[in-house]
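In our numbering, the protein residues as written are 11 to 773. Before any comments, here is the structure.
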Amino acid sequence: MPSVIKKPAVFHLAACALLSLAACALLRWLWGLYVLPDAVPADLWGCAQPWGLRRFAFLTLPAMALAGSLCLELLLWLVPPERRPALAGVSSSTRVWDLASYALLGAVALGAWWWGLPGAGMLPLALAVVALLTAKAALLLRLLWSAWLRPQEGVALGWRRHAAIFLAVLCILSMTGLWMKQASSTAGDEVSYLLMAQSLAQHGTLDQEATVRGKEYRDFYFCRWSGGLRWTMEFSHSYFPLLLYPPYALGGRLGVMLFFAGIMALLAGQLYAWLLRSGLGKGVAALSAGLVLFSGPVLCLGQHALSEAPGMLLLVVGLRLAGAAPRRPLAALLGLLAVSACLYFVKFRLAALGGGLLLAAGFWWLEARLGTRRALFASLGAALAALLAALLLPGWVWPQSFLEELREGLGLWGRNGSLWTPLRVMFGGLALDQAFGLLITAPVALLALAGIPAALRRIPRPALTALAPVVVYVGMVCLMRWYRWQGGFDLPARLYLVVFPALALFLGVVLSALARPWWRLVAWGAALGGLAYTLVVVLIPALRWGRSGMINPAVSLAQERLGLAFYHLLPSTFVYSPLLPWFVGLTALGLLVLAWLAWRNSATAQAGAWRLPAKEAVALVVGLALLMAAPLAGAKLWPPRTLEAELMRGSHRSPLWVENAFPWDMRGRSLSNGGWISGRLFFPGGAARLRLVARAGSPGEVLLSLDGRSLPGLAFNRGRSLEVTLAPVNRGWHQVSLFWRSCPRRDCYLLVDRLELLPGGPG
Numbered sequence: 011m012p013s014v015i016k017k018p019a020v021f022h023l024a025a026c027a028l029l030s031l032a033a034c035a036l037l038r039w040l041w042g043l044y045v046l047p048d049a050v051p052a053d054l055w056g057c058a059q060p061w062g063l064r065r066f067a068f069l070t071l072p073a074m075a076l077a078g079s080l081c082l083e084l085l086l087w088l089v090p091p092e093r094r095p096a097l098a099g100v101s102s103s104t105r106v107w108d109l110a111s112y113a114l115l116g117a118v119a120l121g122a123w124w125w126g127l128p129g130a131g132m133l134p135l136a137l138a139v140v141a142l143l144t145a146k147a148a149l150l151l152r153l154l155w156s157a158w159l160r161p162q163e164g165v166a167l168g169w170r171r172h173a174a175i176f177l178a179v180l181c182i183l184s185m186t187g188l189w190m191k192q193a194s195s196t197a198g199d200e201v202s203y204l205l206m207a208q209s210l211a212q213h214g215t216l217d218q219e220a221t222v223r224g225k226e227y228r229d230f231y232f233c234r235w236s237g238g239l240r241w242t243m244e245f246s247h248s249y250f251p252l253l254l255y256p257p258y259a260l261g262g263r264l265g266v267m268l269f270f271a272g273i274m275a276l277l278a279g280q281l282y283a284w285l286l287r288s289g290l291g292k293g294v295a296a297l298s299a300g301l302v303l304f305s306g307p308v309l310c311l312g313q314h315a316l317s318e319a320p321g322m323l324l325l326v327v328g329l330r331l332a333g334a335a336p337r338r339p340l341a342a343l344l345g346l347l348a349v350s351a352c353l354y355f356v357k358f359r360l361a362a363l364g365g366g367l368l369l370a371a372g373f374w375w376l377e378a379r380l381g382t383r384r385a386l387f388a389s390l391g392a393a394l395a396a397l398l399a400a401l402l403l404p405g406w407v408w409p410q411s412f413l414e415e416l417r418e419g420l421g422l423w424g425r426n427g428s429l430w431t432p433l434r435v436m437f438g439g440l441a442l443d444q445a446f447g448l449l450i451t452a453p454v455a456l457l458a459l460a461g462i463p464a465a466l467r468r469i470p471r472p473a474l475t476a477l478a479p480v481v482v483y484v485g486m487v488c489l490m491r492w493y494r495w496q497g498g499f500d501l502p503a504r505l506y507l508v509v510f511p512a513l514a515l516f517l518g519v520v521l522s523a524l525a526r527p528w529w530r531l532v533a534w535g536a537a538l539g540g541l542a543y544t545l546v547v548v549l550i551p552a553l554r555w556g557r558s559g560m561i562n563p564a565v566s567l568a569q570e571r572l573g574l575a576f577y578h579l580l581p582s583t584f585v586y587s588p589l590l591p592w593f594v595g596l597t598a599l600g601l602l603v604l605a606w607l608a609w610r611n612s613a614t615a616q617a618g619a620w621r622l623p624a625k626e627a628v629a630l631v632v633g634l635a636l637l638m639a640a641p642l643a644g645a646k647l648w649p650p651r652t653l654e655a656e657l658m659r660g661s662h663r664s665p666l667w668v669e670n671a672f673p674w675d676m677r678g679r680s681l682s683n684g685g686w687i688s689g690r691l692f693f694p695g696g697a698a699r700l701r702l703v704a705r706a707g708s709p710g711e712v713l714l715s716l717d718g719r720s721l722p723g724l725a726f727n728r729g730r731s732l733e734v735t736l737a738p739v740n741r742g743w744h745q746v747s748l749f750w751r752s753c754p755r756r757d758c759y760l761l762v763d764r765l766e767l768l769p770g771g772p773g
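This is the structure we're talking about:
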């Protein structure tokens, strides 16, 4: 017995197993004592899995905690024996903290007890679950850094370091994925992909008729079924469901999620290796890769069966092959052709990445033999020849969806006239929109843009290699989908996440420049802001799905809980955002300053450069607190003067209507005869004018009511707005309702964009 206790790993795992068993028994007893439900409630979590919460709490959760401890011991076992004495202190402290993390299983039990009280909710239990996952992830990443990624360690990425990175990331993503499976439904394109995988597994065909008829989608989709969720592989030209079939046949939705966790874990090692080969320091490479992979949008992507996740892995593999083209041209060419073929079969849209990789590799091979100028002209000529050849191909060669989107994108571009319209609409929304943009969901991605000029100066070959597929892919998406850049009901920036690993190179350049007193607060702020969003969408997975034309779901939930309205103080390219020009100007100015700083300071960050002294730590905390408090204070001082139709309640005759993402397009609710909408609007007090911004298909009558008092009916023809003067109204929030009367035909609609409160009373 004493010989067993002397072995720290055995003692550690035995203690963890005992704590897990104790937590299992306690949680099972509490669930039976309070007769807690077997599903996550729909109040915050939307369409969650309607079964299995009891088993998740008393069985899966303790097993997850034990699996994290086992992964920690595997990371220590992978350390070569000659280096273990130097890590003795880190090993012992990590084991102690890991044992302490099991106290969070007690917090989970406390959350279950709280849920059992009358009128209490499940939020404390969910917070304890996410706290446990966060603690385990922090311990694994700390050990991974100390044992494998510390700057003074070796340069080569041997199999042990690859295995350590793979195990740590796989464990973290698997644990978060298990909670996400329990607390959220599939959505969007993921439903269609899994539907085809289910048809293959159960019926041996891609035809989904029997699967839909038997409602077999209830294994992974828990919301109201819609026929629009079902589409064919021929329409999208994606063989992605064939990739999902093996893990789905083995483990259903859970098997697919674990398979994607493995893909993201492989991506982590490949990305870190590529960043090292590209010239970044080891510490900066690890930090840059971690910030990209654990940003909210990318972490969410790794938990869903979407084609962009394998696309990211193939892109990084292609970047490594393209960098080797001058030295080993034949091997690089064969590898890139294989990568391009895989991208094509996974999703036709991703084939543009393969084209960009082949273009970059061909240029570097020609540059080594012909010189820069001749190689440039030859590469451009080859690209134009390939484009002309593609245009001459018959229409049946191209996927149906590709041709439809290309025609619509070019047609809308032509009708809107301006050459810069697609760039302005797509990139403005992608950068700043509160629901789908990067400023709120992944601010480190905006930091990466500032590093492009300095990277082209400091490490031109890797930077140009990374930019080639990014420019080709984003250019194609801009050409086809600029008017619906957000992708509909989707994850933030989903169409563009596939190029995020390439941006890690430019992020590393910016981080190196910011690794100095006070400037590093910018990087810390961006990292902590992105981490906060990540924790929110892990806690309540339903908040990760944005809806076209709406505000950020997390902002909407916060407004509802706090009783405040501050969405108008955050940038949006869909709803009324009076501060949007300020956000545009300040963001552009900030990127220019950071680009200048990165251009000027290109020295490699030294070890310990990211540690904050007391003054900077206090400044960081105060700054983040002010950023969080500013919208809340602004909600009291500057309430919104508009009432967006998308944010109003409505009858079944007033569905949401979103046309396109043009800033000048009308979006809101389409009211048929007898339809109504209602919402709350703040009045400053006194006389006021109310403007209705809408469009009618046929003449009709608008009936307004204020706090239940009906106003005289107003005739509305085919104009774009209608103004009404109101009697003096008390200061405060008032309920405004709008009714529409017209003929019963389908063309007798009223498309309501918003209600505006005009200053000055009667005009």
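The beta carbon of each residue, even a glycine, is placed where N, CA and C say it ideally should be. Because the structure is a prediction, the values reported are computed rather than measured.
Gly685 sits in coil when the DSSP states are folded into three classes, being neither helix nor strand. Short of 6 Å from the beta carbon of Asp717, and not among the five residues preceding or following it, lie these beta carbons of its own chain, in chain order: His744 and Gln745. With contacts defined by Cβ atoms closer than 7 Å, Leu324 and Leu353 form a contacting pair. The C-alpha of Asn740 is placed about 33 Å away from the C-alpha of Pro709. Residue environment analysis places Val435 among the buried positions, since at least 16 neighbouring C-beta atoms fall within 10 angstroms of its C-beta. Taking all protein chains in view, the Cβ of Met132 is crowded by 16 or more other Cβ atoms within 10 Å, so the residue is classified as buried. In the three-state reduction of the DSSP assignment, Val585 falls in the coil class, being assigned neither a helical nor a strand state.
Distances from the CA of Pro588 to each of Leu159, His578 and Thr597 were compared; the closest alpha carbon is that of His578. Looking at the DSSP output, Glu711 shares a beta bridge with Ala725 and Arg751. Of the other Cβ atoms in all chains shown, fewer than 16 fall within 10 Å of the Cβ of Asn727; this residue is therefore exposed.
Here the alpha carbon of Leu346 sits roughly 7 Å from the alpha carbon of Leu367. Assignment of Phe68 by DSSP, reduced to helix, strand and coil, places it in the helix class. Residues Phe446, Gly447, Trp495, Gln496, Thr583 and Ala671 of the same chain have their beta carbon placed closer than 7 Å to that of Gly439, with the five preceding and five following residues left out of the count. About 6 Å separates the CB atoms of Leu732 and Leu724; that is less than 8 Å, so the two are in contact.
Check the Cα spacing between Ser522 and each of Leu97, Ala619 and Trp750: the tightest is with Ala619.
For Pro738, the enclosing beta strand (DSSP E) starts and ends at Ser731 to Val739.
Between Ala319 and Tyr258, the CB-CB gap reaches or exceeds 7 Å.
Following the DSSP letters along the chain, one finds Leu700 inside the beta strand (DSSP E) bounded by residues Gly696 to Ala706. When the beta-carbon positions are compared, Thr221 and Gln208 come within less than 7 Å of each other.
The beta carbon of Met486 lies closer than 6 Å to those of Ala362 in the same chain, with the five residues before and after it left out. Cβ contact annotation for Gly559 (same chain, cutoff 8 Å, sequence separation greater than five): Phe584, Val585, Glu656, Leu666, Val668, Arg677 and Gly678, in chain order. Only exposed fits Ser428, as fewer than 16 other CB atoms lie within 10 angstroms of its CB. One Cα belongs to Ile561, the other to Pro581, and the distance between them is close to 10 Å. The beta carbon of Gly272 sits closer than 7 Å to the beta carbons of Leu180 from its chain, once the five residues preceding and following it are set aside; these are given in chain order. Beta-carbon to beta-carbon, Val548 and Thr70 are separated by about 16 Å, too far to satisfy the 8 Å threshold. Between Asp500 and Gly198, the CB-CB gap stays under 7 Å. In this structure Val594 does not touch Leu386 by the C-beta definition: roughly 34 Å separates them, more than the 8 Å allowed. Among the bridge pairs identified by DSSP, Trp667 is matched with Gly678. Under DSSP, Glu654 shares a beta bridge with Arg764. Burial state of Ser102 is exposed, judged by a 10 Å Cβ sphere holding fewer than 16 other Cβ atoms. Contact between Val482 and Gly365 holds: their C-beta atoms lie close to 6 Å from each other, under 8 Å. When secondary structure is reduced to three states using DSSP, Gln745 falls in the strand class.
Assignment of Asp757 by DSSP, reduced to helix, strand and coil, places it in the coil class.
Closest in alpha carbon position to Arg228, among Glu219, Val201 and Asp217, is Val201. For Pro591, the enclosing alpha helix (DSSP H) has its first and last residue at Leu590 to Arg610.
In this structure the stretch 152-161 does not touch the stretch 47-58; the number of beta carbon pairs closer than 8 Å is below three.
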